[in-house]
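First comes the structure, then the notes that go with it.
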Amino acid sequence: MKNILLASHGTEGALAAENKVLEMCAPGVRVTHLLVIPEFWKDMLGDDWLNNSSTRKRFEHYLEMELSRETNGHLRRVRDRLSKTSADSAHEVVLGKPDQCLTDACEQSAYNLVVMGSPRPKRSRGLRSQMMTRHVTRRLKTPLLVVPHPCG
Amino acid sequence: MIYTRKSPALLMMGLIMLGIWYLFESGLLSGYIGHLGGAKYKYTGEIATVPLYFGIFSVAVGIWQWQAKPREGHLDYYLSTVAGAMFILLIAMLVRWFLAPEIAVASQALGKIGNTGKHLHTILGLNYVVLGILTGIIIVNVFKIPGWAENGVRLSRLGLKTGVILLGTLYSAAELKNLGGLSIVMIGFFVLGSVGLVLWIGTRMKIPSSMGGVLSAGMGVCGVSATVAAAPVVQAKSVEIAYTIGTILLWGVGCMFVFPIVGHLLDMSHVQFGAWAGTGILNSAQVAGAALAYQPDGIETLKVAEIFNITRVLVLPIIVLWLAVWYVKREEVAAAQQVNVARVTFEKFPIFVLGFILLFALSTTGVFAPANHYKGKYFGNTTESGFKQENLLSHEQTAQLAEESSKIQRQDRQQALQRLIDHGKVMSIEDDDVLRGLINAKVLSKEANKTLKKAHKSVRHTAKKIKAFRDWITWLFAFGLVGLGMQITVSAMRQAGGQPAIIGGIVGAIKAGLSLVVVMLFISETV
């Protein structure tokens, strides 16, 4: 496996996928970390109409900063972990539908393997934004490794 | 940056509007209008004018958008919103004039439901408002908002705010005083109650302070709007924001459908339903939606509900300040931050409420209708004030009233009736009120009561400007709500979950149930 795409955005399932990729790291292996910010964040103003534009802008700015802080945290963690291995690494952050972004990334570059975590078990904390969808199973032409969730 | 998208869409929408107008004017729609209700069909006046004016406007701007090369600047920015605004308007037209009446025809064909005495579409509130919002939700979730319409769809907020401002013309001072007092008591109790309850349950469930803060604002005050205002103040995490907004949107949309059904089943008055929706529905957009869903062809319910909405939004800066102080005290990490009271108050103050107050103040001066108007109607028994001499009671009618006057016990009623008999018309607004009481008491015969009702109607006049405002308000709310429907995505609602969903479910259900009980027990049918 020379060219691995790791799809991770810091959930428990994604951390398991990161661990699996770290096991595969060896000289000559290149790991590309794909982090997708789900596009539903664009709709988080919902049907608010009472606030004035300054309040809405303040909220948008705050949310952007929050997402940026979280994203940078995930990127830093993955970068630090990969830097301790002998593999090369690259990082890509995109905004969109997670499954669509994954298939797009695979169409743009030739990966040998895609590694991702399992969907989180029901009732556990987290956003509803799955990457492992029917769209992925139908469209993805690269071998896919789905790492079991640590909670089973 | 150039905002205008080069597209023939606006031109095509303009041509569709003109097509509707032409089909109607040429009589080609007559058969279909007959199917939708014939003489009972209420929208012929609108179809004869609205699509013509907006069609011409859309075609003119549409040709420019499609063919001209826009230059960077204010004109480009403002004209880029036209396509989206006309997109919403076209949907509102189609739903109001054709889809909703079609559903009503189908529902009437099914007959009345059980012993409710109402048709299915009335009970379910399937009118142009609900169908318009639903259409908006379907468009954004199934087809996505086209790029050329995105800028204009945001204008729906402006539509709703303008609607509320114009609503200020329709209140009499007495109405506003009574409704304002009622809303302060109800909102004060339920807002503070639900904010406190969320914080209390949150502490028991050991949720983070930031989550408790943002959730309490959303559940207590005005839904998504309060969440948006409070999230930065209590430093909510992104997942907490997603959970809260998802929960509130899901609850709000659910309530918008459930509340009118319950209201119809309980046969609530407009005041009762408006007060209940204004208190029990979490999200402010759905308060307006539910009020119009309950009474699609009048705005009495909307007037009550919007006073409650305004009270809620006026409470918002206070709650945000409270949460800011609460959060700073609770979280050591934020202790270094100072709560800037002036900035929070200024930023969160809803400026459009000033417009509402201004128009209300203007209406009390008699600019739009005589200052003593009540619900847009005013008293006038002289030719100058609109009384028609042919409406004077006939000799036979006054004779019958004189004959039956002995049945009346109360002196004020006897005196008011005597003045009516002497002059052939109601002599004062006080007499009019007394005589209406006499009609409701059903002391006199049916024929005599009919005469009294005629006398009452002939001295009550609708101000033309007020009628125009009513029409504008209806369209602005329809426009705004269809547009807001286009901003409710399933992906956002799907984020409902976690502890906020549990706490939200508990507090939302308590708020809706308890406010229903309070409204049914303590609020009379009129104000």
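Protein chains in written order, with numbering that gives the first Met the number 0: chain A, 0 to 151; chain B, 0 to 526. Glycine included, each C-beta is placed from N, C-alpha and C at the ideal position. Please read these numbers as outputs of a predicted model, since none were measured by experiment.
Item: Proximal residues to leucine 130 (chain B) (C-beta, below 8 Å), its chain only, five neighbours per side dropped; Value: Val94, Leu98, Ala99, Ile102
Item: Check whether valine 46 (chain A) and leucine 123 (chain B) have beta carbons under 7 Å apart; Value: The sequence given here has aspartate at residue 46 (chain A), not valine. Going by C-beta atoms, aspartate 46 (chain A) is not nearer than 7 Å to leucine 123 (chain B).
Item: Partner residues on chain A for serine 215 (chain B), Cβ-Cβ distance less than 7 Å; Value: None at all; the shortest Cβ gap to chain A is about 17 Å.
Item: Cross-strand partners of histidine 32 (chain A) (DSSP beta bridge); Value: A:Leu5, A:His90
Item: Interface positions of the segment 29-56 of chain A facing chain B (Cβ-Cβ less than 7 Å), listed along the chain; Value: Phe39, Asp42, Met43, Leu44, Gly45, Asp46, Asp47, Trp48, Leu49, Asn50, Asn51, Ser53, Thr54, Arg55
Item: Rounded straight-line distance, which links the Cα of alanine 304 (chain B) to that of valine 458 (chain B); Value: 29 Å
Item: Below-7 Å beta-carbon distance, proline 145 (chain B) vs any chain A residue; Value: no
Item: Supposed close pair valine 220 (chain B), isoleucine 318 (chain B) - CB separation, criterion 8 Å; Value: 5 Å
Item: Unbroken beta strand (DSSP E) run spanning valine 113 (chain A), endpoints; Value: 112-116
Item: Presumed contact (8 Å Cβ cut-off) between leucine 437 (chain B) and arginine 412 (chain B), rounded CB distance; Value: 5 Å
Item: Close beta carbons around glutamate 330 (chain B), own chain, < 6 Å, minus the five adjacent residues each side; Value: Ser208
Item: Completely contained alpha helix (DSSP H) runs for the segment 192-227 of chain B, where each covers 4 or more residues; Value: 208-216
Item: Terminal residues of the beta strand (DSSP E) in which lysine 527 (chain B) lies; Value: The structure shown has nothing for residue 527 (chain B), since chain B only spans 0 to 526.
Item: Inter-residue Cα distance where the pair is methionine 92 (chain B) and phenylalanine 86 (chain B); Value: 10 Å
Item: Alpha carbon of leucine 515 (chain B) to alpha carbon of phenylalanine 272 (chain B), nearest angstrom; Value: 9 Å
Item: Contact list for the segment 156-182 of chain B against chain A, Cβ threshold 8 Å; Value: Arg156, Leu159, Lys160
Item: Same chain, Cβ closer than 8 Å to histidine 118 (chain B), neighbours up to 5 away in sequence not counted; Value: Ala103, Ser106, Gln107, Leu109, Gly110, Lys111, Ile112
Item: Where leucine 165 (chain B) falls: helix, strand or coil (DSSP); Value: helix
Item: Interface partners of glutamate 346 (chain B) on chain A, CB under 8 Å; Value: Asn51, Ser53, Thr54, Arg57
Item: Residues in the segment 58-71 of chain A having any Cβ partner in chain B nearer than 7 Å; Value: Phe58, Tyr61, Leu62, Glu65, Leu66, Glu69
Item: Under 7 Å from the C-beta of leucine 126 (chain A): neighbouring residues of chain B; Value: Val238, Ala241, Gln494
Item: Proximal residues to isoleucine 32 (chain B) (C-beta, below 6 Å), its chain only, five neighbours per side dropped; Value: Tyr40
Item: Close Cβ partners of leucine 44 (chain A) (< 8 Å) along its chain, the five nearest in sequence each way excluded; Value: Arg55, Phe58, Glu59
Item: N-terminal and C-terminal residue of the beta strand (DSSP E) that leucine 44 (chain A) is part of; Value: Per DSSP, leucine 44 (chain A) belongs to no beta strand (DSSP E) and is neither H nor E.
Item: Bridge partner(s) assigned by DSSP for proline 37 (chain A); Value: A:Gly95
Item: Cross-chain neighbours of serine 283 (chain B) in chain A, by beta carbon under 9 Å; Value: Asp46, Asp47, Trp48, Leu49
Item: Boundaries of the beta strand (DSSP E) in which histidine 269 (chain B) is found, first to last residue; Value: Here histidine 269 (chain B) belongs to no beta strand (DSSP E); instead the alpha helix (DSSP H) covers 269-279.
Item: Bridge partners - leucine 144 (chain A), DSSP secondary structure assignment; Value: A:Val114
Item: Residue burial classification, glycine 217 (chain B) (beta-carbon count within 10 angstroms, cutoff 16); Value: buried
Item: Three-state secondary structure assigned by DSSP to histidine 460 (chain B); Value: strand
Item: Under 7 Å by beta carbon: chain A residues contacting isoleucine 487 (chain B); Value: Gly45, Asp46
Item: Cβ contact check for the segment 495-511 of chain B and the segment 238-245 of chain B: 3 or more pairs under 8 Å; Value: yes
Item: Any chain A beta carbon closer than 7 Å to proline 349 (chain B); Value: yes
Item: Residue nearest to glutamate 446 (chain B) in terms of C-alpha spacing, selected from B:Leu475, B:Leu480, B:Leu400, B:Ala477; Value: B:Leu400
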